[in-house]
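Engineer: Chains as they are written, first to last, in the numbering used here: chain A, 532 to 1048; chain B, 2 to 137.
We treat Cβ as the ideally placed atom computed from N, Cα and C, and that holds for glycine.
Below is a structure I'd like to ask you about.
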Amino acid sequence: MAISPDLLKQLEEKRKVAYAAGGADKLAERKKKGLMSARERLEAFFQPGTFMEFGLHAQHSCHDFGLADKSFPGDGVITGIGYVDGRPVAAFSQDFTVGGGALGKTHAKKICDLLEYAQKAGMPVVGINDSGGARIQEGDDALSGYGQVFFRNVLLSGVVPQISIIAGPCAGGAAYSPALTDFIIMTKTNAQMFICGPEVIKASTGQTVTMDEIGSAAAHAAISGNIHFVAENEKHALEIARKLFSFLPSNNIMDPPHRPTPTISLEPDPEMNTLVPEDPKAPLDVLKVINRLVDDGDFLEVMKEFAKNIVVGFARIQGMVVGIIANQPAVKAGTLDIDSSDKGARFIRFCNVFNIPIVTLVDVPGFMPGVAQERGGIIRHGAKMLFAYAAATVPKITIIMRKAYGGAYLAMCSADMGADLVFAWPTAEIAVMGADGAVKVLFKREIAAAAEPKKKEKELAAEYREKFASPYEAAGKAMITDVIEPSQTRGMVAMAIRNTIAKRETRPPKKHGNIPL
Amino acid sequence: MKKLRVTVEGKAYEVLVEILDEGTQTAAPMPVASAPVASAPVASAPVSTSAAAPVAAPAAPKGASGPGDITSPLAGKLVSVDVKVGQAVEEGAQVATVEAMKMNTYIYAPKAGKVASILVNPGDGVEEGTVLLRLA
Chain A
532 MAISPDLLKQ LEEKRKVAYA AGGADKLAER KKKGLMSARE RLEAFFQPGT FMEFGLHAQH
592 SCHDFGLADK SFPGDGVITG IGYVDGRPVA AFSQDFTVGG GALGKTHAKK ICDLLEYAQK
652 AGMPVVGIND SGGARIQEGD DALSGYGQVF FRNVLLSGVV PQISIIAGPC AGGAAYSPAL
712 TDFIIMTKTN AQMFICGPEV IKASTGQTVT MDEIGSAAAH AAISGNIHFV AENEKHALEI
772 ARKLFSFLPS NNIMDPPHRP TPTISLEPDP EMNTLVPEDP KAPLDVLKVI NRLVDDGDFL
832 EVMKEFAKNI VVGFARIQGM VVGIIANQPA VKAGTLDIDS SDKGARFIRF CNVFNIPIVT
892 LVDVPGFMPG VAQERGGIIR HGAKMLFAYA AATVPKITII MRKAYGGAYL AMCSADMGAD
952 LVFAWPTAEI AVMGADGAVK VLFKREIAAA AEPKKKEKEL AAEYREKFAS PYEAAGKAMI
1012 TDVIEPSQTR GMVAMAIRNT IAKRETRPPK KHGNIPL
Chain B
2 MKKLRVTVEG KAYEVLVEIL DEGTQTAAPM PVASAPVASA PVASAPVSTS AAAPVAAPAA
62 PKGASGPGDI TSPLAGKLVS VDVKVGQAVE EGAQVATVEA MKMNTYIYAP KAGKVASILV
122 NPGDGVEEGT VLLRLA
C-alpha cells in the first residue's frame, strides 16, 4: 500500500500556506515598492535549487493579546542552508509581511537553531534583517529571544564568519545582533538602524533629528562607523555578501580560498615607480598603489566611507588571499586617529581569526595631534592597533612606502610588533620623530646659543633628516628585511606571503588578552 | 525667515530660522493709533524668539557650515590658496593647500561655483573646520 494521498495533500496544503507568507496582498504590495520578499532574497543569494529549509511549519505559541487564532507562517523568519560558490552557507531572512517580521519566541529559536548548526558544521552565516522589532505580545519571551540570539552570535564570533544584511528596519535591541557579527551590509534606501529613533530622542532630550541623520546607511557608513558596506539595493547587498565570502574561509580552522599560481611572477611593474611623488610633502594616493599591487585591481574595500585616512580591505596577490591595511596620506596626511585606529584594529583581528595574511602599507607621519584626540582617548584607541598587530599570528608583511614615524610606525606593524618580513622603498623615512621636532629637543641649547638660531636649527634639521629620512639607517641595523624598488613590490609581496604561509606561532595559553576597548 | 550665524565650539554655522508666529509681529506696527493693541505683540516678541532658538540649535551640529563655505579638514598651516576671488571653479578643483604632519593636504571644491571670498592668508594657522573660502 502506498502512502495515503490525503497525507500528501495535507503536506502540500501546509507548504502552500507557509510559502504564501503574509498573504498575496502583502507580497504584491511589497513588489510594488520594488522590494524582494524574504524568500526571494534567499533564492537570489544561493545557487539555484540548493536551499534546504529549517522550520517551514514553525508557529508561535502565544495565546495573549489576540494572537491565539493568528497564524504567522514560519513565525516571520525563513532559515536554512544553501550553497554559494559551491560552499554551504547558513542564512536567515526575516519576513516583514509576516507580523512585521517581529521577533517572538519561535522566531528566535529558529535563528538560534540555525546558528548552532552553523557552529557545529563550520559554515558561515548570513542574516537578512527586516523586522519591526520585538513581538510585544510575547513580552519577555521576545526579550529573552534576543538575548539567546546575541549569546550565540558571540559564541560563533571567531569560529565562522557572520555577515548581517540590513534591508529594512532594525531598531532598538535588534540592532545589537548585527553589531555582534563581523560585517554589516546595509541598503541605501528602505533600511534604518538605530537604538532610539527621532521620536524617542525628541521626547527624552528635546533634540530634533531626522531618521536619515541617525539611521540611514549613509550616516552609519560615514559617521557612526557602524556598518561596513553600503548597497544600492537588496540584490547588490547579496552580491557584496557573496563577494566577501570569495575571500573568506568557511571557519577558523580552514584557510581562506587561496588560488596559488604555479609560479610566482617577479616581473617588475614600472608603473608603480611613477605613483611615488618626488616631493615628500606631496600626498600619494594609496588606493592607486593597492590597485596595482593586487590581482586585476580587484580590491574589496571595507568601511570605505569611514575614517578615510586608513584603507582596509580584501584582495588576492598572485592568487593568495590577503587583508590589506594601508595609511592614506591623501586624507588627514595619513595620520592615525581615534576612528582610523578602531577601523584598522577590528580589521586586523578579523584577518587573524580567519587565517588571512596581513599586508600593511605604511606612510604614516604620526598620531593625529589635537585636543579632541587626546581627550577622546587616542591613547586607548591607538593602543588597539598595537594590540591587534602584536596579537595577530597570521603572516604579517609590512611595506614602508614613505613616512614611518614614531609610535604610529609601531602601530602599523614594524618588525618589533611581529611583522615577519619588512620591505622599505628608497623613499622610506624611518625615525622616532620628524627632523624639525627632533633637533628642537636634541639641540635646544646649541640653537639658543647660536648667532643665528633659525639658521642653526635648519642646518641641524637637515643633518638629522639626512641620517634618518631614508631606509638605510634602519636597514644598516638589520631592522628591516630589504630595500626594494616600488616596481618590485608586487612580486616581492607575493613571494613573501608564499614563504610565510606555513607560519606557526604559539603564544602562552590564556582565556584571551585584554585589548583596550 | 531669518538668517542667523551660530557659533558652536568655534565652528560657525549659518542657520535659517522660521519664526512661526511672525504674523502677529508684522501685524503689530500697523495699528498705529491704538497703543494698547501694539504693546501686546511687542510683549510677545521675546517669547517668539526664545521659541525659535531651540529650533535653530539642533540644526547646527549637522557639520556643514554655510552653503558654499570650504573648510579645512584638519589643523595645520595654510600653504596656499590656489584660486582667486571671482574665479569660477569646477567641482573637485583644488582650491587650497594646508600643510600638517609633514604632508600637504589638498582641499577640493565640493561643488562648482565662483570664489566669492577668501578668508585666510598663506602662512596662517588653521583649525579643523576653519572656513578658508566661500563659493557663491
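If you measure from the beta carbon of A/Pro-475 to each beta carbon in chain B, is any gap under 8 Å?
Structural biologist: Nothing about residue 475 of chain A can be read from this structure; chain A reaches only from 532 to 1048.
Engineer: Buried or exposed: which applies to A/Ser-1018, given that a residue is buried once 16 or more other Cβ atoms fall within 10 Å of its Cβ?
Structural biologist: A/Ser-1018 is buried by the Cβ-count criterion.
Engineer: Against B/Ala-76, what residues of chain A qualify as contacts under a CB-to-CB distance less than 8 Å, listed in chain order?
Structural biologist: By Cβ distance, chain A contributes Pro-900, Gly-901.
Engineer: What does B/Asn-105 pair with, by DSSP beta-bridge criteria?
Structural biologist: Paired residues: B/Glu-100.
Engineer: Going by alpha carbons, who is nearest to A/Cys-568 out of A/Thr-891, A/Gln-625, A/Ser-945?
Structural biologist: With the sequence shown as reference, residue 568 of chain A is identified as Ser, and Cys is not the correct amino acid for it. Closest by alpha carbon: A/Gln-625.
Engineer: State yes or no: is the beta carbon of A/Pro-814 nearer than 8 Å to at least one beta carbon in chain B?
Structural biologist: It does: the Cβ of A/Pro-814 has a partner Cβ on chain B nearer than 8 Å.
Engineer: What is the DSSP secondary structure of A/Asp-873, counted as helix, strand or coil?
Structural biologist: DSSP places A/Asp-873 in helix when its eight states are reduced to three.
Engineer: Rounded to whole angstroms, what's the CA-CA distance from A/Asn-764 to A/Thr-958? Just pull it up for me.
Structural biologist: Taking the straight line from one Cα to the other gives about 43 Å.
Engineer: Looking at the unbroken alpha helix (DSSP H) that takes in A/Gly-1007, where does it start and where does it end?
Structural biologist: Residues 1003-1007.
Engineer: List the residues of chain A whose Cβ lies closer than 7 Å to the Cβ of B/Asn-105, in chain order.
Structural biologist: Under the 7 Å cutoff, chain A gives Lys-812, Ala-813, Pro-814.
Engineer: Report the three-state DSSP secondary structure of A/Met-1026 (helix, strand or coil).
Structural biologist: Note: A/Met-1026 maps to helix in three-state DSSP.
Engineer: Considering only the beta carbon of each residue, do A/Gly-631 and A/Asp-606 sit closer than 8 Å?
Structural biologist: Their beta carbons are not under 8 Å apart, which means A/Gly-631 does not touch A/Asp-606 by this criterion.
Engineer: Would A/Val-902 be called buried (16 or more neighbouring beta carbons within 10 Å of its own) or exposed?
Structural biologist: Looking at its Cβ environment, which holds fewer than 16 other Cβ atoms inside 10 Å, A/Val-902 is exposed.
Engineer: Along chain A, which residues have their Cβ under 9 Å away from the Cβ of B/Glu-100?
Structural biologist: Those are Lys-812, Ala-864, listed as they occur along chain A.
Engineer: Helix, strand or coil for A/Pro-619 per DSSP?
Structural biologist: Three-state DSSP puts A/Pro-619 in a strand.
Engineer: Using 8 Å as the limit for Cβ to Cβ distance, is A/Gly-897 near chain B?
Structural biologist: Closer than 8 Å: yes.
Engineer: In terms of DSSP beta bridges, what is A/Thr-805 paired with?
Structural biologist: None, per the DSSP bridge assignment.
Engineer: Sorted by chain position, which residues of the same chain lie with C-beta nearer than 6 Å to A/Ile-694's C-beta, five sequence neighbours on each side aside?
Structural biologist: Correct list, in chain order: Val-657, Phe-714, Ala-772.
Engineer: Taking the alpha carbon of A/Val-862 as the point to measure from, which residue in B/Glu-129, B/Leu-133, B/Ala-137 has its own alpha carbon closest?
Structural biologist: The shortest Cα separation from A/Val-862 among B/Glu-129, B/Leu-133, B/Ala-137 belongs to B/Glu-129.
Engineer: Excluding sequence positions up to five away, which residues of its chain have a Cβ less than 8 Å from the Cβ of B/Pro-68?
Structural biologist: Correct list, in chain order: Glu-15.
Engineer: Which same chain residues end up closer than 8 Å to A/Thr-750 when comparing Cβ atoms and leaving out the 5 residues on each side of it in sequence?
Structural biologist: According to the sequence displayed, residue 750 of chain A carries Ala and not Thr. The answer, listed in chain order, is Asp-743, Glu-744.
Engineer: Within a Cβ cutoff of 7 Å, which residues of the same chain sit near A/Leu-775, ignoring the five residues on either side of it in sequence?
Structural biologist: Around A/Leu-775: Ile-694, Phe-714, Leu-831.
Engineer: Give the secondary structure of A/Thr-866 by DSSP, where H, G and I count as helix, E and B as strand, and everything else as coil.
Structural biologist: Residue state, collapsed to three classes: coil.
Engineer: Determine, using beta carbons only, whether A/Gly-1053 comes closer than 8 Å to chain B.
Structural biologist: As shown, chain A starts at 532 and ends at 1048. That puts residue 1053 of chain A outside it, with no answer to give.
Engineer: With distances taken between CB atoms, is the gap from A/Gly-746 to A/Met-724 smaller than 8 Å?
Structural biologist: Cβ atoms of A/Gly-746 and A/Met-724: closer than 8 Å.
Engineer: Mind listing which residues of the stretch 960-981 of chain A have their C-beta closer than 8 Å to chain B's C-betas, in chain order?
Structural biologist: Answer set for the stretch 960-981 of chain A: Gly-965.
Engineer: How far does the beta strand (DSSP E) with B/Ile-71 in it reach, from first residue to last?
Structural biologist: First-last of the beta strand (DSSP E) with B/Ile-71: 70-72.
Engineer: Along chain C, in chain order, which residues have C-beta atoms closer than 9 Å to that of A/Lys-934?
Structural biologist: The structure shown has no chain C; the protein chains it does contain are A and B.
Engineer: Using the beta-carbon count (16 or more within 10 Å), is A/Gln-541 buried or exposed?
Structural biologist: Label assigned to A/Gln-541: exposed.
Engineer: Could you name the residues of the same chain whose beta carbon sits closer than 7 Å to that of A/Pro-692, not counting the 5 residues immediately before and after it, in chain order?
Structural biologist: Same-chain partners within the cutoff: Pro-655, Asp-713, Leu-779, Phe-885.
Engineer: Using a beta-carbon distance below 8 Å, is A/Pro-729 in contact with chain B?
Structural biologist: Taking Cβ atoms only, chain B never reaches closer than 8 Å to A/Pro-729, which makes this a no.
Engineer: Would you tell me roughly how many angstroms separate the C-alpha atoms of A/Ile-821 and A/Val-853, rounded to the nearest one?
Structural biologist: Each residue's alpha carbon lies about 12 Å from the other.
Engineer: By the 10 Å Cβ neighbour count, where 16 or more other Cβ atoms means buried, how is B/Gly-114 classified, buried or exposed?
Structural biologist: Classification of B/Gly-114: buried, given that the 10 Å Cβ count is 16 or more.
Engineer: Please state the DSSP three-state secondary structure of A/Gln-693.
Structural biologist: Here A/Gln-693 sits in strand by DSSP.
Engineer: Could you tell me which residues DSSP puts in a beta bridge with A/Arg-847?
Structural biologist: A/Val-852.
Engineer: Roughly how many angstroms lie between the CA atoms of A/Leu-818 and B/Val-132, to the nearest whole one?
Structural biologist: When rounded, the distance between both Cα atoms is 28 Å.
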